[in-house]
Amino acid sequence: EDQVTQSPEALRLQEGESSSLNCSYTVSGLRGLFWYRQDPGKGPEFLFTLYSAGEEKEKERLKATLTKKESFLHITAPKPEDSATYLCAVQEVSGNTPLVFGKGTRLSVIA
Amino acid sequence: DSGVTQTPKHLITATGQRVTLRCSPRSGDLSVYWYQQSLDQGLQFLIQYYNGEERAKGNILERFSAQQFPDLHSELNLSSLELGDSALYFCASSGNGETQYFGPGTRLLVL
């Protein structure tokens, strides 16, 4: 059974204090690993898809990396507007299949 | 804006009642997914449709059913509602079988 575990559950940072969120996964064959951002009461917003170990993608202050067992979302010099829950999800190799989500990391960035 | 629309935004009803949630996917997307998000469970996959046909089922209760119509919009029907059905219900759509784009959700409160 596919499993996704995210840590920490919650993270509080000062503005400008860089950090990383972790997503470890177990899947029989990985089609893709997805990162989403979710604001309270809103739908998840797509950030990145990673397909193979060693791959990296960046968007503004966010950088996602992938190994064979985990993914990291690095946040560089965060701002208060980066406060949100960050969700990680995996999709099996067959594709066109549902995503299996972790429970997310709640990030708070304090000015 | 993801391009996925969901109605209604909020729904308050009583136990034992039946409700219908509606989702319109992004233009051209053939796959529609339904997810339930509660505080303690995170995002849980319910059911997937592809071009009108049921493609995959997750932890969907027998009291819940869904369909996708020829114009590709989808409806999720929840019946004999219980207090524990209170949650956010999200619809997502995909055009390439991989990246899923989420709608804004329907918040259901069962009293």
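The listed protein sequences correspond, in order, to chains A and B.
The opening residue of the first sequence carries number 152 in my numbering; numbering runs sequentially from there.
The opening residue of the second sequence carries number 2 in my numbering; numbering runs sequentially from there.
Think of the CB as a built atom: it goes at the ideal place given N, C-alpha and C, for glycine as much as any other residue.
Quick caveat: nothing in here was measured; it's all calculated off a predicted structure.
List, in order along the chain, the chain A residues whose C-beta lies closer than 7 Å to that of residue i?
i	result
Y102(B)	F197
P105(B)	K193, G194
Does residue i have its Cβ less than 9 Å from a Cβ in chain B?
i	result
G167(A)	no
K254(A)	yes
T200(A)	yes
Using a C-beta to C-beta distance shorter than 8 Å, which residues of chain B count as neighbours of residue i?
i	result
R188(A)	Result: empty, since nearest Cβ-Cβ is about 11 Å, beyond 8 Å.
T227(A)	Within 8 Å Cβ-Cβ: nothing; T227(A) doesn't reach chain B, min ~24 Å.
Q242(A)	E99
Chain B partners of residue i, CB-CB under 7 Å?
i	result
P249(A)	Y34, F46, Q49, A57, G59
Report buried or exposed for residue i, applying the criterion of at least 16 other Cβ atoms within 10 angstroms of its Cβ.
i	result
P26(B)	buried
Y50(B)	buried
S64(B)	It is worth fixing the name first, because residue 64(B) is Arg in this sequence and not Ser. Per the 10 Å Cβ criterion, exposed.
R188(A)	buried
V260(A)	buried
D30(B)	buried
Say whether chain A places a C-beta atom closer than 9 Å to the C-beta of residue i.
i	result
F91(B)	yes
G17(B)	no
G98(B)	yes
R64(B)	no
R108(B)	yes
Residue i touches chain A at which residues, Cβ-Cβ below 8 Å?
i	result
S3(B)	G194, E196, F197
Since residue i meets chain B, which of its residues come closer than 9 Å, beta carbon to beta carbon?
i	result
L238(A)	G43, L44
Which ranges would you report for the alpha helix (DSSP H) in the stretch 9-45 of chain B if only whole runs of at least 4 residues count? If only complete runs of 4 or more residues are kept, the stretch 9-45 of chain B shows no alpha helix (DSSP H) anywhere.
Where the stretch 171-184 of chain A meets chain B: residues whose CB sits under 8 Å from a CB there: Contacts with chain B (Cβ-Cβ distance below 8 Å) from the stretch 171-184 of chain A involve R182, G183, listed in chain order.
Quick check on the DSSP output: what are the complete beta strand (DSSP E) runs of length 3 or more inside the stretch 192-249 of chain A, in order along the chain? Fully enclosed beta strand (DSSP E) runs of 3 or longer: 196-201, 207-210, 213-217, 221-226, 235-243.
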